[in-house]
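Only one structure is covered here, and it is reproduced in the block below.
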Amino acid sequence: MPELPEVETVVRGLRTPLIGETFIEVVSDWPRQLNGIDLPELQARLSGRSIQSINRRGKYLVLALDAGENLIIHLKMSGQLSVSNGQMPADKHVHTVFLLASGSELRFRDIRKFGRVYLVRDPEEVLGKLGQEPLEEEFTSEWLCQEMGARRRVLKPLLLDQTFIAGIGNIYADEALHRAAIHPRRQTNSLTTGECLALHEAIQTILSLAIEHEGSSIDAAYIKPDGGRGSMQSELRVYGRAGEPCHRCGSIIERVTLAGRGTHYCPGCQI
DNA sequence: CAACCGACCTGTTCGC
DNA sequence: TGCGAACAGGTCGGTT
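Each residue of the first sequence is one higher than the last, beginning at 0 in numbering that gives the first Met the number 0.
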């Protein structure tokens with residue numbers, strides 16, 4: 000579930016309670032969540048490590064620790080992180096708990112169990128294949144237009160390709176294409192310069208707006224670390240609005256399956 | 001290289 | 001009310 004804006008919101012929400020904290024112990028009842036590191040090894044390498052910074056790369060959270068270790072977490076479809084004082088018992092979907100020196104604990108809750116935790120000395124081991132950060136300076140309209148022209152692919156699946164641009168997921172791909180008034184099935188090399196500029200603008204605008212709104216909380220799948228909800232769901236113009244009228248042209252929003260994903264678009268104004 | 005499909009999981013919603 | 005099918009913010013690996 001969480002895409003770039005949701006992960007960014009989680010990162011911001013974890014900084015205050017976690018930076019400067021020290022790991023004491025890890026408890027897990029779902030070893031697969033630890034992505035192949037066995038619990039004793041994780042325990043040994045994490046115990047005594049303090050958290051120096053928390054950042055985001057694509058949809059990954061990166062906790063930089065002392066002694067050159069990095070704890071990297073991907074929430075996939077249903078992962079949630081929260082910091083608890085340990086008083087309230089964790090519910091049955093919390094599968095990994097990181098106990099901290101202050102007595103509080105970082106809880107990784109994940110109904111569908113797709114989320115993963117990595118502990119690596121070199122973050123590139125996990126993040127190495129990711130593409131451009133869409134809100135950073137290197138993501139320019141010149142770069143985007145050149146890449147589009149050079150590729151021969153269907154547009155929406157390319158936007159979801161994390162090795163091309165890192166962080167866009169199914170909601171914001173659909174929303175960016177609607178804002179840019181481009182049909183999701185268009186071929187990348189068929190875009191005009193004007194369309195490509197509009198797409199670049201739309202990607203940056205929708206992601207920034209979603210961060211301002213602290214992400215989209217459509218059901219219980221995404222909540223902030225403090226338990227609150229984002230408000231971006233009420234700003235969405237196509238995602239989840241099949242059968243409703245387009246705010247721009249009044250046509251009825253359609254939902255189709257494209258590359259295996261539900262795809263929402265306006266047949267009236269997305270050309 | 002690109003497109004497609006099942007796998008990985010559990011829960012919720014929808015149609016009959 | 002019950003019950004199965006479809007669907008869900010993501011990615012990976014194997015196959016055409």
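Glycine included, C-beta positions come from ideal geometry on N, C-alpha and C.
Inter-segment contact for the segment 53 to 65 and the segment 122 to 133 is present: three or more beta-carbon pairs are separated by less than 8 Å. The segment 64 to 73 makes no contact with the segment 146 to 156, as fewer than three CB pairs between them are under 8 Å. With a cutoff of 9 Å on beta-carbon distance, Gly193 and Glu213 are scored as not near each other. If you draw a straight line from the Cα of Lys91 to the Cα of Phe97, it is about 16 Å long.
With a minimum length of 4 residues, the unbroken runs of alpha helix (DSSP H) contained wholly in the segment 117 to 163 fall at 123 to 126, 140 to 149 and 154 to 159. By the neighbour-count criterion, in which a residue is buried when 16 or more other Cβ atoms sit within 10 angstroms of its Cβ, Arg108 is buried. Here the C-alpha atom of Ser233 lies approximately 22 Å from the C-alpha atom of Leu198. Between the C-alpha atoms of Leu99 and Phe113 there is a straight-line separation of about 24 Å. For Tyr221, there is no enclosing beta strand (DSSP E), as DSSP marks it with neither H nor E. Below 8 Å, enough C-beta pairs join the segment 154 to 173 and the segment 198 to 208 to call them touching: three or more. When rounded, the separation of the alpha-carbon atoms in Leu3 and Leu206 is 7 Å.
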